[in-house]
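Data first, discussion second: the structure below is written as structure tokens.
Number of protein chains: 4
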Amino acid sequence: MRKPGRHFLQIPGPSTVPDRVLRAIDNQTMDHRSPEFGVLGRRALDGMKSVFNTTSDVIIYPASGTGAWEAALVNTLSPGDTVLMCETGHFAWLWDRLAKRLGLKPELIDTDWRQAADVDAIQARLRKDSAHDIKAVCVVHNETSTGCTSDIAAVRAAIDATGHPALLMVDTISSLGSVEYLHDDWGVDVTVGGSQKGLMLPPGLSFNAVSEKAKAASHSAALPRSYWDWDEMIASNKTGYFPYTPATNMLYGLVEAIDMLNEEGMEHVFARHKRHARATRLAVETWGLEVLCRVPEHYSPVLTAVMMPEGHSADALRRIIHTELNMSLGSGLGRLQDRVFRIGHLGDFNDLMLLGTLSGIEVGLARAEVPHNKGGTQAAINFLASTEDAQNADRAA
Amino acid sequence: MRKPGRHFLQIPGPSTVPDRVLRAIDNQTMDHRSPEFGVLGRRALDGMKSVFNTTSDVIIYPASGTGAWEAALVNTLSPGDTVLMCETGHFAWLWDRLAKRLGLKPELIDTDWRQAADVDAIQARLRKDSAHDIKAVCVVHNETSTGCTSDIAAVRAAIDATGHPALLMVDTISSLGSVEYLHDDWGVDVTVGGSQKGLMLPPGLSFNAVSEKAKAASHSAALPRSYWDWDEMIASNKTGYFPYTPATNMLYGLVEAIDMLNEEGMEHVFARHKRHARATRLAVETWGLEVLCRVPEHYSPVLTAVMMPEGHSADALRRIIHTELNMSLGSGLGRLQDRVFRIGHLGDFNDLMLLGTLSGIEVGLARAEVPHNKGGTQAAINFLASTEDAQNADRAA
Amino acid sequence: MRKPGRHFLQIPGPSTVPDRVLRAIDNQTMDHRSPEFGVLGRRALDGMKSVFNTTSDVIIYPASGTGAWEAALVNTLSPGDTVLMCETGHFAWLWDRLAKRLGLKPELIDTDWRQAADVDAIQARLRKDSAHDIKAVCVVHNETSTGCTSDIAAVRAAIDATGHPALLMVDTISSLGSVEYLHDDWGVDVTVGGSQKGLMLPPGLSFNAVSEKAKAASHSAALPRSYWDWDEMIASNKTGYFPYTPATNMLYGLVEAIDMLNEEGMEHVFARHKRHARATRLAVETWGLEVLCRVPEHYSPVLTAVMMPEGHSADALRRIIHTELNMSLGSGLGRLQDRVFRIGHLGDFNDLMLLGTLSGIEVGLARAEVPHNKGGTQAAINFLASTEDAQNADRAA
Amino acid sequence: MRKPGRHFLQIPGPSTVPDRVLRAIDNQTMDHRSPEFGVLGRRALDGMKSVFNTTSDVIIYPASGTGAWEAALVNTLSPGDTVLMCETGHFAWLWDRLAKRLGLKPELIDTDWRQAADVDAIQARLRKDSAHDIKAVCVVHNETSTGCTSDIAAVRAAIDATGHPALLMVDTISSLGSVEYLHDDWGVDVTVGGSQKGLMLPPGLSFNAVSEKAKAASHSAALPRSYWDWDEMIASNKTGYFPYTPATNMLYGLVEAIDMLNEEGMEHVFARHKRHARATRLAVETWGLEVLCRVPEHYSPVLTAVMMPEGHSADALRRIIHTELNMSLGSGLGRLQDRVFRIGHLGDFNDLMLLGTLSGIEVGLARAEVPHNKGGTQAAINFLASTEDAQNADRAA
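Chains as they are written, first to last, in our numbering: chain S, 1 to 397; chain Z, 398 to 794; chain W, 795 to 1191; chain L, 1192 to 1588.
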């Protein structure tokens, strides 16, 4: 049976792809060895540099984000290398698992999955590693499974404080394009990104931004690699081409999406995400529900994970909302399965889409008979009414 | 400056065109004399018969709805003919004006623009017309400028009660596909329809559904006509073709839209519109604002016109909502200019889109400092939560 | 059964719609009363002025070309007015028929349908009309049914030579955007155009370009009109809006198409069409077939009608080519039915598309066992190889 | 400067993506964990099984074909393993290079790049390998750089004749969906495929079809792997889902493309490619040029590589054709650089597109002053006219 109206895709990615991006992808595939392609390739690569805030190299893979994780590791490390990871949630845990499968020795710093990376613990651990066995520190910028955002500049400072030479690798798959990110200024060695969240594209492209130090490390890294190898990519990319067939149509979408971010203004994009996250938390609190992230400084601008009252199933709620209200919410992952639902408020999103989303959750809570106070949406309405978004303020000025 | 997220097109038509329909229109134009075209043409024509609930002929014009109005008149009437019209609002007034320009003598039954057609007045007027000077009675089914819906079966009964031979012509431009309509059962002679409202298409196609009596009248009607002429259309349409170049790509969209209506089920479509209209009125009443339509039996399922408090400008409110919240609302037309705003809740629409819409109005009322009580959206949330829509009920059953 | 590959739509319109135009039409419909719409409307109207080469007003109708014909007549003439028409082919004949249905008195100047408008006959007839009974001279610029193009400047000169005050009306439906056309310089009073040929759009928009003299005539013209009325259009258009709902999505396509014409350069567009027409005639002549147009000065740049050898059916040939080769060719219209086939080489077209088209005809001629000499495509290849198109020449310069 | 008309993308892949596939990809991204996604996933996976003619598992990677090559090796082999490869051309050479980078020991059987895989040499080499050091035999089915197609059934027979246990791996990136391929019947262990050739999609998806023997080998294979790992994929795929975010929009396109192949009929698709290849060779021979492939049994149905006369540059010819005629041809790769040009005649292609292509080459040869005889296109026309394609024959029957 057809469900009328637009689907509300409120998972924390893939986010709703704007029509302009879909229409760009919908163009006829071109010859990836033609003169025109080189222009496209350079536009995509240069655009991604600006998104990462780096003057170094960015690699674009025809692959999911998971592939770009793998690329970060195989280009810089050797079998048996120790890497230090912070288990901020499910995706950090998956990265750890990936590292093990590649023959690395990840060491996990635990958390309760309700906060971001533990900067002090990282610093303490590095300080103990006088032998410099740890070759890399891996942190998830925005943990998509919990809605906690780590302070990457602080991680960098912590590493620097110890004088430890480990590489810093950061996963920005769910933050890139939605949360401010400064690859160069924060001294990140490898940043991992994906297309389907803040970049407003379908899944299918992923990225590495690489520092000079990371490139140097790659020359002695012994893990076998070919598809993910940076060297050939960087060489070929100089003129805008790729060493193997790129995902041409996704690149059409990528340059369009970067144009759109710049038209809005990156600072407006970041402010918009923060404001929506705050409105969402107000709604959640008004309902009397608990936000999973328990450290206000770690609140994610792109998603909010909400804990279910004891004895209530998040998946049952999500099922009702999906079936009856035509909205997808994120499920609890790993140890959070059925315990939380996640609200994505990222990408090409605005006040009315957010209020429709919160309204739908409020209807769903009632339908699923989840104990809650009414008025969450109203609280968000009041908040949004009283705070102009940065873009409108600029427009008026 | 780019406005992020989806635009909320909440005017009472054109309504938001679903992606499936846009994608259908986006297909390559075909030869309108090819064998394949005949199949398309018949699908479109037969589909429209089912939408009008008629076994008689439907004409599809490459034209706006205004053209189909003109077609209804020039095919059935002669210069100087008297037609009886009910001035239910701006569009009824425009139809009257059109009739005058064509050399007809329209006679207007007044209303205060806050109710639907006055059935008793029609009956009284016809009864007085013993000479049968009145050749046609013209009624707007759903008056888009006021949000009042007329009872066409009652108009038919009123005409029949007088034994008057006048043709019955009905404008369904903003109701067709959203409100139940029975061309044959209600004994309508010419129904006028358009593509851009309940049919979920862009503007550019319009329709006449014609009774046998109307066709008979066309043979003696003396108004000059060519583009709008039914005869050649009906003859050519038998095999699915058109006497002049049709709007082929719009026809692609039309057959897709009709498929979508049938997939949802017409009875579900109608129930959905009524439920959304009721939720909207609840919000308006909670805000302490007044619905323009003052007769509950006449409430429109497709739009709600809302009166502004004395001393407040509807256009100022609409401007803020458009600029700051990325939503279009309908303006007050004619004598209602700046006095009302109109909320379209028609076409490819669902609970969350409605709640986003109402939320946006509530934010706008606050921003524009229009006196109102908070909680309108909340009232709509509560109503929608407690009433399942017919489609979900059927799905569960 | 699916036919693989692209369909070759080689009728003389609708022409193949370029992807850029389809993608533009595929955008979400906007509010036709929004501030953004006014900008779009003015872009479309100003763009069309440049296409017609006029500084006067252009009207855009949500209608097929036939509607714009009707508009030209009802805005300027009164019941019983005499109009002089040249029967250059089927479309001129249809225009005559339309005039009769509107209550005008068309007077037809015959041709054998193998040449363009007879300028001398027009002049002679006007000279005889000392009473100035003739109110308008109507000429088809490019007769789509025959492939003959009339010399409009010469018609103007002929009228001027007689001092006759008749209006000059010209149908450019199949020439506009493909053949040079100077509405102002040639002193045309009403030019009629359509979207689906040289303008590279689907059918559904049509145009009137109107002189001051035509506007003056409209003030005393007594034919009833409303949908087609210029006055309200021109008034509303000043700010980019329309008096009734416009075909918004087609307007998206129109501004894109005009951009594309300008990017190529109108002089290149015209030269391209002429060169392709010449290559086509070379092929036809090499096959030993006869081009319908028998006056070289009248050869159409947009289509070539080809006469079938005695005893052979054009429709049988077209059917084979359509079924087996996935190409649509134009049929013989009216008295030419089954006697000619028409090759459209207009709109968004290039050398390889033309050579594919000619190749397909050559294969079809063989399959249908139509007597012909081989080598027509080869002749076109040789011609195209030896003559650079104007755009390439400019690019090299 | 805009080039009018459709670009002819006649490289041997990516092939022209049909509108239906582009429109499918253009749909809004869905939640890859939703119930609806599982249905899509299974349709894609089952469809690919039918394309490979296997009842075993197919893996779909969000990656280019190069990634699927890597996947085939890392899932089945261990560091230092010897693999036997046939250097049929540039892509076989690239595969060899990839194997080395992964730490394998490829052993190359030379060819002159003018023929397909040397079955006798493979058999001889395996026979000598009594220690069974060789773990896999890798063959490119259709060598995209040369236009030679290997006989995979014969390779299988050769292996069987020796009783050697090596796995058989086959690259079908440029043949899949265009040339008959029987994964199960031919006893292939790993088949590698890509989306952007016969499957008519943009690049961005690639495939492994895997035998039970290959899966068994994967359990002891020691090369590190995670992104490419089959186990998790196969487990997750059972219900239509993926272990990491899939390229959802490409999957929309994939199911549409498979539907299109089936609508045409796979046997018609294969016959069409063979017929077009033969027409192309006739043109080449008529021009007096030499087809690179010198063994008629090895002629590729999907592309034809053409040798340039001594002293003439293939790239200069290609540049003229690209700039002046809006067509892309494939370049000579590796040792063939500037020595050959390659004509792709694969994917969503038909007689008229082929004749446009050949015509364009003939114009280009003249423009570039490459010595040749006229009449190649004419030869192709004559051939196509006299041979009905299989689909038409079936339609008539």
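For each residue, glycine too, the CB sits at the ideal point set by N, CA and C.
The structure presented is a predicted model; accordingly, all values stated were derived computationally and were not measured.
Beta-carbon proximity of residue i to residue j, cut-off 8 Å
i, j, result
"W/Ser1180", "L/Thr1568", "no"
"Z/Leu470", "Z/Leu499", "yes"
"W/His1092", "W/Thr943", "yes"
"S/Tyr410", "S/Ser211", "Residue 410 of chain S falls outside the range modelled here, since chain S spans only 1 to 397, and no answer is possible."
"L/Val1383", "L/Asp1362", "yes"
"Z/Ala702", "Z/Thr543", "yes"
"W/Ala852", "W/Ala1011", "Note that residue 852 of chain W is Val in the sequence shown, not Ala. No, the pair does not count as a contact, with Cβ atoms beyond the cut-off."
"S/His273", "S/Pro301", "yes"
"L/Ile1313", "L/Val1346", "yes"
"W/Gly1124", "W/Gly1141", "no"
"Z/Met724", "Z/Gln407", "yes"
"Z/Glu874", "Z/Pro640", "This structure gives no information on residue 874 of chain Z, because the portion of chain Z shown stretches from 398 to 794."
"L/Gly1385", "L/Met1441", "no"
"S/Ala117", "S/Leu254", "no"
Nearest to residue i (by Cα), restricted to the options the options
i, options, result
"L/Gly1431", "L/His1198, L/Ser1206 and L/Asp1237", "L/Asp1237"
"S/Asp315", "S/Pro309, S/Val295, S/Met327 and S/Phe341", "S/Phe341"
"L/Ala1283", "L/Asp1542, L/Leu1524 and L/Gly1535", "L/Leu1524"
"S/His312", "S/Thr280, S/Asp338 and S/Val83", "S/Asp338"
"S/Trp113", "S/Lys128, S/Ala136 and S/Val140", "S/Val140"
"L/Pro1500", "L/Ala1327, L/Asn1517 and L/Gly1479", "L/Gly1479"
"W/Val913", "W/Lys929, W/His884 and W/Asp954", "W/Asp954"
"L/Ile1300", "L/Leu1317, L/Glu1278, L/Ala1344 and L/Leu1289", "L/Glu1278"
"L/Thr1436", "S/Ser300, S/Pro12 and S/Thr162", "S/Pro12"
"Z/Trp625", "Z/Thr452, Z/Ala465, Z/Ser453 and Z/Ala441", "Z/Ala465"
Beta-carbon contacts of residue i that lie in its chain and below 6 Å, excluding the five residues immediately before and after
i, result
"S/Arg367", "Ile320"
"Z/Phe780", "Ala676 and Leu679"
"Z/Asp748", "Leu781"
Cβ neighbours of residue i in the same chain (closer than 7 Å, five flanking residues each side left out)
i, result
"W/Arg1019", "Val868 and Asn869"
"S/Thr248", "Thr29, Met30 and His32"
"L/Pro1356", "His1323"
"W/Thr876", "Lys899, Glu901, Asp927, Ile928 and Lys929"
Contact set for residue i: own chain, Cβ-Cβ below 8 Å, skip 5 residues either direction
i, result
"S/Val39", "Gly240"
Residues within the region 1201 to 1229 of chain L neighbouring chain Z, beta-carbon criterion of under 8 Å
Asp1210, Arg1214, Asp1217, Asn1218 and Gln1219
Could I get the ranges of all uninterrupted beta strand (DSSP E) runs contained in the region 120 to 166 of chain S, with 3 residues as the minimum, in chain order?
134 to 140
Note down, in chain order, all residues in the region 1027 to 1056 of chain W with a beta-carbon under 7 Å from any beta-carbon belonging to chain Z.
Tyr1038, Thr1039, Pro1040, Ala1041, Thr1042, Asn1043 and Met1044
In chain order, what residues of the region 38 to 66 of chain S put their CB closer than 7 Å to some CB of chain L?
Pro62, Ala63, Ser64, Gly65 and Thr66
Under 7 Å, CB to CB, which of the residues in the region 474 to 503 of chain Z have a partner in chain W?
Answer set for the region 474 to 503 of chain Z: Leu495, Arg498, Leu499 and Gly500.
If the cut-off is 9 Å on Cβ atoms, which residues from the region 1544 to 1565 of chain L count as contacting chain W, listed in chain order?
Met1544, Leu1545, Leu1546, Gly1547, Thr1548, Leu1549, Ser1550, Gly1551, Glu1553, Val1554, Gly1555, Leu1556, Ala1557, Arg1558 and Lys1565
Going residue by residue through the region 25 to 95 of chain S, where are the continuous beta strand (DSSP E) segments of at least 3 residues, counting only ones entirely within it?
57 to 61 and 82 to 86
Residues within the region 205 to 234 of chain S neighbouring chain L, beta-carbon criterion of under 8 Å:
Leu223, Pro224, Arg225, Ser226, Tyr227 and Asp229
Just to confirm the assignment: which complete beta strand (DSSP E) runs, minimum length 3, are found wholly within the region 195 to 252 of chain S?
You should have 206 to 210.
Along the region 1501 to 1520 of chain L, where does the CB come closer than 9 Å to a CB of chain W? Name the residues.
Thr1514, Glu1515, Leu1516, Asn1517 and Met1518
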